[in-house]
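Novice: The structure is given below, and queries will be raised subsequently.
2 protein chains.
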Amino acid sequence: MDINLTITLNEKLYLRNPEESELGKRILEHSIILIERIGFEAFTFKKLAFEINTTEAGIYRYFENKQRLLLYLVDWYWSWQEYRLMQETRNVEQPKTKIMTAIRLLATRVEDDISTGHINEKLLHDIVMSEGAKSWLTKHVEADNKDKLFQPFKDLCALIAEFITAYNPRYAYPFSLSSTLIEMAHSQYYYMQHLPSLTDFGHHKDEDEIIRFLEQLVFGALDSQAKEK
Amino acid sequence: MDINLTITLNEKLYLRNPEESELGKRILEHSIILIERIGFEAFTFKKLAFEINTTEAGIYRYFENKQRLLLYLVDWYWSWQEYRLMQETRNVEQPKTKIMTAIRLLATRVEDDISTGHINEKLLHDIVMSEGAKSWLTKHVEADNKDKLFQPFKDLCALIAEFITAYNPRYAYPFSLSSTLIEMAHSQYYYMQHLPSLTDFGHHKDEDEIIRFLEQLVFGALDSQAKEK
DNA sequence: TTTAAAAGATAGTAATACTATCATTGAAAA
DNA sequence: TTTTCAATGATAGTATTACTATCTTTTAAA
């Protein structure tokens with residue numbers, strides 16, 4: 182069986198659709214590798230062009246600038262996570278199980294998914310953790326938001342918020358809890374790796390601990406609310 | 182009464198201590214104003230120099246680069262928040278009240294504190310929300326961490342973790358809960374302002390709602406744990 | 001076979017992120 | 001009072017970044 186997963190993103194993210202050409206796919210593939218290796222600040226289109234034996238101008242035909250390319254990658258990641266979550270919660274009855282599945286998918290180190298040829302999900306996961314926030318922490322958030330450039334993140338957030346509401350319809354903050362969960366799954370992992378004293382996962386660096394922390398956090402909030410009301 | 186609050190920070194943050202000269206203080210004052218106005222990406226030492234009628238080279242005598250200056254400002258902010266929190270929890274007996282004070286201080290929009298002449302805390306609060314993460318999301322986090330450049334954040338995190346442990350000694354994740362609380366107090370506020378559909382604070386934009394969300398989150402986690410064990 | 005889009009090659013510009021050097025000032029030490 | 005020395009100011013210069021423009025060649029469909 183040869184399944185090929187293609188994720189289609191908002192057209193405003195690019196000048197020319199990178200999924201529709203060989204060069205485009207090489208740009209995606211190697212931008213992930215290069216950003217992961219040298220970091221987004223040091224990453225330039227010139228360096229990327231050198232890596233894939235094309236020219237700087239060639240890359241500018243696909244993406245307006247490196248910020249847009251990053252946003253493309255980040256959106257791709259959130260779309261992929263939402264897809265995975267929908268897959269894994271299909272046919273699941275219990276809202277509790279759905280939420281636990283979400284936590285597991287978000288907080289577990291990603292392995293490369295072979296069904297998406299040129300995208301290395303493992304590296305992309307690292308990029309989203311260490312660079313992802315830079316895609317919305319800008320002076321043009323609101324303009325980008327109007328252009329729906331954060332839609333994949335919002336969709337994922339809304340999906341998990343649905344699970345939350347299904348679990349406890351009286352809980353007052355399903356969206357905030359959902360965005361907190363998504364953000365913390367990534368940033369606690371980052372802290373565990375780089376600033377462990379901000380966590381309790383010390384140096385054994387066990388991601389299962391993050392899962393337990395998040396489960397306890399989420400269900401603590403959801404179950405106590407049920408009691409209080 | 183003329184109280185003057187001076188916060189002393191890690192010497193590795195700067196080349197020349199900006200608190201010790203008039204020019205240094207003007208750099209701090211106007212970097213806050215300018216970063217808040219144009220954003221960290223567009224901010225340059227040349228533009229700052231123009232604002233305060235000095236030269237680019239003059240600013241480079243104080244800070245190695247703009248990233249270090251940002252880290253200085255962010256560290257200043259966390260030191261100030263820790264100071265405020267210690268002030269406001271002194272003589273408070275109940276751990277629960279201490280935690281609620283922490284939540285209130287972190288999640289309430291800051292007003293300018295006149296006791297610190299050249300620092301506008303209100304603007305600094307905005308900067309920490311929208312640019313703060315960029316100070317640790319770098320390829321040199323670990324080197325910076327070895328140089329203790331994140332100490333103020335860690336200290337604040339540890340202080341709140343103490344309150345948490347005092348409230349419930351059996352809770353397993355005081356540091357992670359503390360860092361989650363600090364981060365969410367800022368990022369839920371940012372979302373409320375710029376990406377409200379990630380929250381439940383819609384468009385009335387009421388920070389008291391964030392406080393209630395955080396209280397319910399934190400005490401939900403802390404109280405349910407007590408039950409389970 | 002033509003033709004038009006994509007890619008390659010090359011050049012150029014303004015801004016950024018610095019470093020270096022030398023002159024001037026101003027306040028404390030001699 | 002003079003010296004002196006640190007801080008600042010003024011100016012220049014460099015490598016890199018972040019683009020834009022143009023012209024040619026390749027490729028793939030009409």
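Quick mapping for you: the protein sequence lines, in order, are chains R and L.
Numbering follows my numbering, in which position 110 of the first sequence is assigned residue number 291; successive positions increment by one, without gaps.
Numbering follows my numbering, in which position 112 of the second sequence is assigned residue number 293; successive positions increment by one, without gaps.
For each residue, glycine too, the CB sits at the ideal point set by N, CA and C.
(1) Write down every uninterrupted run of the alpha helix (DSSP H) in the region 217-248 of chain L whose length is 4 residues or greater and which is fully enclosed by it, in chain order.
(2) Can you tell me where the alpha helix (DSSP H) holding glutamate 302 (chain R) begins and where it ends?
(3) Nearest chain R C-beta to glutamine 397 (chain L) closer than 8 angstroms, yes or no?
(4) Where valine 399 (chain R) and asparagine 246 (chain R) are concerned, what is the direct C-alpha to C-alpha distance, given to the nearest angstrom?
(5) Using a cut-off of 9 angstroms between C-beta atoms, extract the partners of threonine 380 (chain R) located in chain L.
(6) With 8 angstroms as the C-beta to C-beta threshold (strictly closer), list the residues of the region 301-323 of chain L near chain R in chain order.
(7) Can you check which of these residues, L:Met281, L:Ser260, L:Trp261, is closest to threonine 270 (chain L) by C-alpha distance?
(8) Does the structure place the region 359-373 of chain R close enough to the region 363-382 of chain L that three or more beta carbon pairs sit under 8 angstroms?
(9) Using a Cβ-Cβ cutoff of less than 6 angstroms, which residues in the same chain neighbour threonine 297 (chain R) once the five nearest sequence positions on both sides are dropped?
(10) Quick check: what's the CA-CA separation for phenylalanine 334 (chain L) versus proline 276 (chain L)?
(11) Taking CB distances under 8 angstroms as the criterion, tell me whether aspartate 404 (chain R) reaches chain L.
(12) Alpha helix (DSSP H) containing arginine 285 (chain R): first to last residue?
(13) Report yes if the C-beta distance between leucine 304 (chain R) and glutamate 217 (chain R) is below 8 angstroms; otherwise report no.
(14) If we count the other Cβ atoms within 10 Å of its Cβ and call it buried at 16 or more, is lysine 279 (chain L) buried or exposed?
(15) For the alpha helix (DSSP H) containing lysine 335 (chain L), list its first residue and its last residue.
(16) Where leucine 190 (chain R) and aspartate 256 (chain R) are concerned, what is the direct C-alpha to C-alpha distance, given to the nearest angstrom?
(17) For arginine 491 (chain L), name the three-state secondary structure that DSSP assigns.
(18) If you reduce the DSSP assignment to three classes, tell me which class serine 202 (chain R) lands in.
(19) I'd like to know if serine 202 (chain L) contacts chain R, where contact means its C-beta is closer than 8 angstroms to some C-beta of that chain.
(20) With a threshold of 8 angstroms between beta-carbons, can histidine 385 (chain L) be considered close to chain R, or not?
(21) List the residues of chain L that methionine 281 (chain R) touches, going by C-beta distances under 9 angstroms, in chain order.
(22) Just mark methionine 267 (chain R) as buried or exposed, buried being the case when its beta carbon has 16 or more other beta carbons within 10 Å.
(23) Could you tell me the alpha carbon to alpha carbon distance between isoleucine 188 (chain R) and tyrosine 348 (chain R), rounded to whole angstroms?
(24) Determine, using beta carbons only, whether phenylalanine 344 (chain R) comes closer than 8 angstroms to chain L.
(25) Indicate whether the contact test is met: 3 or more Cβ pairs, each with one atom in the region 308-328 of chain R and one in the region 192-209 of chain L, closer than 8 angstroms.
(26) Between the region 372-391 of chain L and the region 308-324 of chain R, can you find at least three pairs of beta-carbon atoms closer than 8 angstroms?
(27) Might you give, ordered along the chain, the residues of its own chain that have their beta carbon closer than 8 angstroms to the beta carbon of phenylalanine 224 (chain L), omitting 5 neighbours on each side?
(28) Following the continuous alpha helix (DSSP H) through serine 360 (chain R), name the residue where it begins and the one where it ends.
(29) So, leucine 318 (chain L) versus lysine 228 (chain R), is the Cβ gap smaller than 8 angstroms?
(30) Counting along the chain, where does the alpha helix (DSSP H) carrying glutamate 326 (chain L) start and finish?
(31) Indicate whether at least one CB of chain L lies closer than 8 angstroms to the CB of aspartate 226 (chain R).
(32) Please confirm if tyrosine 372 (chain L) has its CB atom under 8 angstroms from at least one CB of chain R.
(33) If the criterion is Cβ atoms closer than 8 angstroms, does the pair leucine 379 (chain R) and phenylalanine 356 (chain L) meet it?
(34) Closest by CA to asparagine 301 (chain L), which one among L:Leu209, L:Asp404, L:Tyr253?
(35) Nearest-angstrom Cα distance between tyrosine 352 (chain L) and leucine 403 (chain L)?
Specialist: Inspection of the coordinates gives the following:
(1) 226-232, 237-241
(2) 302-312
(3) yes
(4) 38 angstroms
(5) Tyr354, Phe356, Ser357, Ser360
(6) Ser311, Glu312, Ala314, Lys315, Trp317, Leu318, Thr319, Lys320, Val322, Glu323
(7) L:Met281
(8) yes
(9) Leu186
(10) 21 angstroms
(11) yes
(12) 276-288
(13) yes
(14) buried
(15) 332-348
(16) 7 angstroms
(17) Given that chain L is displayed from residue 182 to residue 410, the structure contains no residue 491 (chain L) and the question cannot be resolved.
(18) coil
(19) no
(20) no
(21) Chain L residues near methionine 281 (chain R): none, gap ~15 angstroms exceeds 9 angstroms.
(22) exposed
(23) 30 angstroms
(24) no
(25) no
(26) yes
(27) Ser212, Leu215, Ile216, Lys247
(28) 355-375
(29) no
(30) It is worth fixing the name first, because residue 326 (chain L) is asparagine in this sequence and not glutamate. 322-327 is the extent of the alpha helix (DSSP H) around asparagine 326 (chain L).
(31) A quick correction: the sequence has phenylalanine, not aspartate, at residue 226 (chain R). No, phenylalanine 226 (chain R) lies away from the interface with chain L (no Cβ there is under 8 angstroms from its Cβ).
(32) yes
(33) yes
(34) L:Leu209
(35) 6 angstroms
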